[in-house]
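Engineer: Chains as they are written, first to last, in the numbering used here: chain W, 1 to 367; chain A, 1001 to 1367. Quick one: the structure is below, questions incoming.
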């Protein structure tokens, strides 16, 4: 549990807010506070700890040797959004990374995973990635999810406890309950031979358009690190061009640096094709934004997803409106379709819309 | 003149600092303060006003119509650094944009311009760009300066007065005293026909590797705006890769947006070549930084310039050390060569050096 005194301090420094959703009242850490990660949620009967940050290595060869003293498991990192699923009373709920009860994921849980595992082990919290073209949060989706969304378990936590179940315990649960999970690529060491194998996996992932891998040490310390393919970095640049003004300073420079280090490490030649890919990622995204603005006087992206209950679709729109800074959320369509409620909505990027409006009508910029 | 009360207020808010250089004591505005631009310098007998900001238009067609009500002159914008030259007692001095007396420019004035104009008109301040491969400040240089530096006059101010002499007065002075000046491309209006001509100039400038143009209204308001070629934006990205972490957030995104708008306006097709150029600008710069770090354990760039007096070279190094944040300045060589003092020094980019050091030895980054 978390000391009441600590919660009081966090409340004072506005690191904790009180939330209500699906009839549940709880406290949500909206920022890291001391040892408590952002997204930690304190309910009446228990705490669901936030999913901790995982550091990124930019160079496999030195990074794995530096970070891991024991063998580690390599798992695929799926390009979606992170949820923590738990049982409360008779209900099942999914928390977003930030600690909101996600109306979309919570609504769709019965389609995504059999939660018998939580009936028989109600103290467990399932950590999973939800990914696919029909999600309300991110534009990217993995190549192996062709429609809607799918869920991929990658960790278990226990209520009231930070930290994860061991790899062995996790795999047992996944197998016993037949849970959908991320691909586990094997147990490796940071020997030169193993690093060669890991590089081969990542080169293949890059070609297949997969995001990357997470390394998890097979030890009580359970040290972790992630590594992302050049493909995923390029996609990040491309899909975010519309929202360019909203991103933190290092967003682009960091990704370009990662691409260059990926190439160096994988022995990929600097060639016309790669130059072209990076240039295209920036330019096409911006072109699209400008063309869209010229036609419709706003820069936006349309999201589509399906719900079991209409009320959850409305709750999602409300949550997005509340939590998206400088983005206007606008419903396009909400109607029954093949047994679901089909929601379509736009995220209008207000900063980009404002800047393009100013520039295209001939405004001055001082810099 | 500037009201003493205003100077007092500025001193209180730390917008003014006291400086000493070349035996002159003065007050320097290190930031904009009310109507007083950064770089304004208050000497015992007079004030040299700062060179005001010129806004940038991103779109010629609408920008010129929106910004200019009267005909305007189009002048070449030379890619160098901005100085204001004035006479004090028997000496001539050059102030940098930020209001420092530049030891390099001041030292080299006799090589760059005949200052008889200031002897006969001591109330004048010459505004000029100094550009070329051997300057101590910026990596870029215009295609028409093959060695050392050259000076290009583009405005005159009067001591104690903000604002500029009229175009007619400027041209008269330039002609009477045979001063080196920027290229004046003509007097235009924002008619469709003239905009077509201006676009042609900029397309040619882009192909020739020139930076862009400044528009100056031929009216008492003397409204101004600048416009930059796609070439110059690409070069900015390329040469700054080594110092990537030091630049403000919008540095890159802004330039990419400008490139895309330039293409749209000039009817340049999105093609493989352009994609490639942008990708290359980012990737080659970073590759070079990484290769340099691997070999020498630091990321730096070497600058070369020549001085008439050794003491001025040393003063420049001291000024750069004092004013460059997160950059270490290191002398390589200072010795007589062909009647000058040849200075070579490195600017070591500490942030990039630190980050690459961390990443290449396998460090984690949390983001």
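Just so it is clear, CB atoms sit at the ideal spot from N, CA and C, and this is done for glycine as well. Note that the structure is a prediction, hence the values are computed from the model and not measured.
Please confirm if residue 57 of chain W has its CB atom under 8 Å from at least one CB of chain A.
Structural biologist: yes
Engineer: Drop a sphere of 10 angstroms on the beta-carbon of residue 240 of chain W, count the other beta-carbons inside from all chains shown, and report buried for 16 or more, exposed for fewer.
Structural biologist: buried
Engineer: If I follow the unbroken alpha helix (DSSP H) through residue 1352 of chain A, where does it start and stop?
Structural biologist: Residues 1350 to 1360.
Engineer: Are the C-beta of residue 270 of chain W and some C-beta of chain A separated by less than 8 Å?
Structural biologist: yes
Engineer: Does the stretch 1177 to 1190 of chain A come close enough to the stretch 1233 to 1253 of chain A to have 3 or more Cβ pairs within less than 8 Å?
Structural biologist: no
Engineer: Cα-Cα, which of W/257, W/287 and W/180 is closest to residue 1265 of chain A?
Structural biologist: W/287
Engineer: So, is the C-beta of residue 1065 of chain A closer than 8 Å to a C-beta in chain W?
Structural biologist: yes
Engineer: Does DSSP put residue 1104 of chain A in a helix, in a strand, or in coil?
Structural biologist: Helix, per DSSP.
Engineer: Could you say which of A/1044, A/1285, A/1099 and A/1004 lies nearest to residue 1237 of chain A if we only look at CA atoms?
Structural biologist: A/1285
Engineer: Scan the stretch 269 to 294 of chain W for residues whose Cβ lies nearer than 7 Å to a Cβ of chain A and list them as they occur along the chain.
Structural biologist: 270, 272, 274, 275, 276, 277, 278, 279, 280, 282, 283, 286, 287 and 290
Engineer: Would you kindly report the start and end of the unbroken alpha helix (DSSP H) that includes residue 1064 of chain A?
Structural biologist: 1060 to 1067
Engineer: If we count Cβ pairs, one from each stretch, closer than 8 Å, do we get three or more for the stretch 147 to 160 of chain W versus the stretch 78 to 85 of chain W?
Structural biologist: In short, these stretches touch, since the Cβ pair count reaches three.
Engineer: Measure from the alpha carbon of residue 1091 of chain A to the alpha carbon of each residue in A/1079, A/1106, A/1077 and A/1099, then state which is nearest.
Structural biologist: A/1106
Engineer: What residues of chain A sit near residue 254 of chain W, judged by a beta carbon separation below 9 Å?
Structural biologist: 1365 and 1367
Engineer: Report yes or no: do the stretch 72 to 79 of chain W and the stretch 198 to 215 of chain W share at least 3 C-beta pairs separated by less than 8 Å?
Structural biologist: Taking one beta carbon from each stretch, the stretch 72 to 79 of chain W and the stretch 198 to 215 of chain W have 3 or more pairs nearer than 8 Å; the two touch.
Engineer: Does the pairing of the stretch 1095 to 1105 of chain A with the stretch 1022 to 1041 of chain A give three or more beta-carbon distances under 8 Å?
Structural biologist: yes
Engineer: Please check if any C-beta of chain W sits within less than 8 Å of the C-beta of residue 997 of chain A.
Structural biologist: Because chain A here runs from 1001 to 1367, residue 997 of chain A falls outside it and cannot be looked at.
Engineer: Looking at chain A, is there any beta carbon in it that lies within less than 8 Å of the beta carbon of residue 16 of chain W?
Structural biologist: no
Engineer: Report yes or no: is there a C-beta of chain W within less than 8 Å of the C-beta of residue 1353 of chain A?
Structural biologist: no
Engineer: Could you check whether the stretch 327 to 337 of chain W touches the stretch 265 to 281 of chain W, counting it as contact only if at least three pairs of C-beta atoms, one from each stretch, sit closer than 8 Å?
Structural biologist: no
Engineer: Going by DSSP in three states, residue 1321 of chain A sits in which element: helix, strand or coil?
Structural biologist: Reduced to three states, the DSSP call for residue 1321 of chain A is helix.
Engineer: Note the first and the last residue of the continuous alpha helix (DSSP H) segment covering residue 195 of chain W.
Structural biologist: 192 to 208
Engineer: Identify the residues that DSSP records as bridge partners of residue 82 of chain W: which are they?
Structural biologist: W/129
Engineer: With which residues is residue 1328 of chain A paired in a DSSP beta bridge?
Structural biologist: A/1348
Engineer: Residues of the stretch 223 to 248 of chain W with a CB closer than 9 Å to any CB of chain A: list them in chain order, please.
Structural biologist: Taking 9 Å as the Cβ-Cβ cut-off against chain A, the residues of the stretch 223 to 248 of chain W that qualify are 225, 241, 244, 245, 247 and 248.
Engineer: Count the other C-beta atoms from every protein chain shown that fall within 10 angstroms of the C-beta of residue 1276 of chain A, then say buried if there are 16 or more, exposed otherwise.
Structural biologist: Classification of residue 1276 of chain A: buried, given that the 10 Å Cβ count is 16 or more.
Engineer: Can you list the residues of chain W that residue 1053 of chain A reaches, using a CB-CB cut of under 9 Å?
Structural biologist: Going along chain W in sequence order, the residues near residue 1053 of chain A (Cβ under 9 Å) are 366 and 367.
Engineer: Going by the beta-carbon positions, is the gap between residue 1178 of chain A and residue 1150 of chain A smaller than 8 Å?
Structural biologist: no
Engineer: For residue 257 of chain W, which residues from the same chain have a beta carbon less than 8 Å from its beta carbon, with the 5 sequence-adjacent residues on both sides left out?
Structural biologist: 58
Engineer: Can you look up residue 1093 of chain A in the DSSP assignment and give me helix, strand or coil?
Structural biologist: strand
Engineer: Are residue 1259 of chain A and residue 1230 of chain A close, meaning C-beta to C-beta below 8 Å?
Structural biologist: yes
Engineer: Using the beta-carbon count (16 or more within 10 Å), is residue 1001 of chain A buried or exposed?
Structural biologist: exposed
Engineer: Does the CB of residue 202 of chain W have a neighbour CB from chain A at under 8 Å?
Structural biologist: For residue 202 of chain W, the answer is no, since every Cβ of chain A falls outside 8 Å of its Cβ.
Engineer: For residue 1290 of chain A, which residues in the same chain have their Cβ closer than 7 Å to its Cβ, ignoring the five residues on either side in sequence?
Structural biologist: 1356
Engineer: Can you list the residues of chain A that residue 361 of chain W reaches, using a CB-CB cut of under 7 Å?
Structural biologist: 1062 and 1066
Engineer: Please specify which runs of the alpha helix (DSSP H), each continuous and at least 4 residues long, are wholly inside the stretch 3 to 61 of chain W, giving them in chain order.
Structural biologist: 4 to 12
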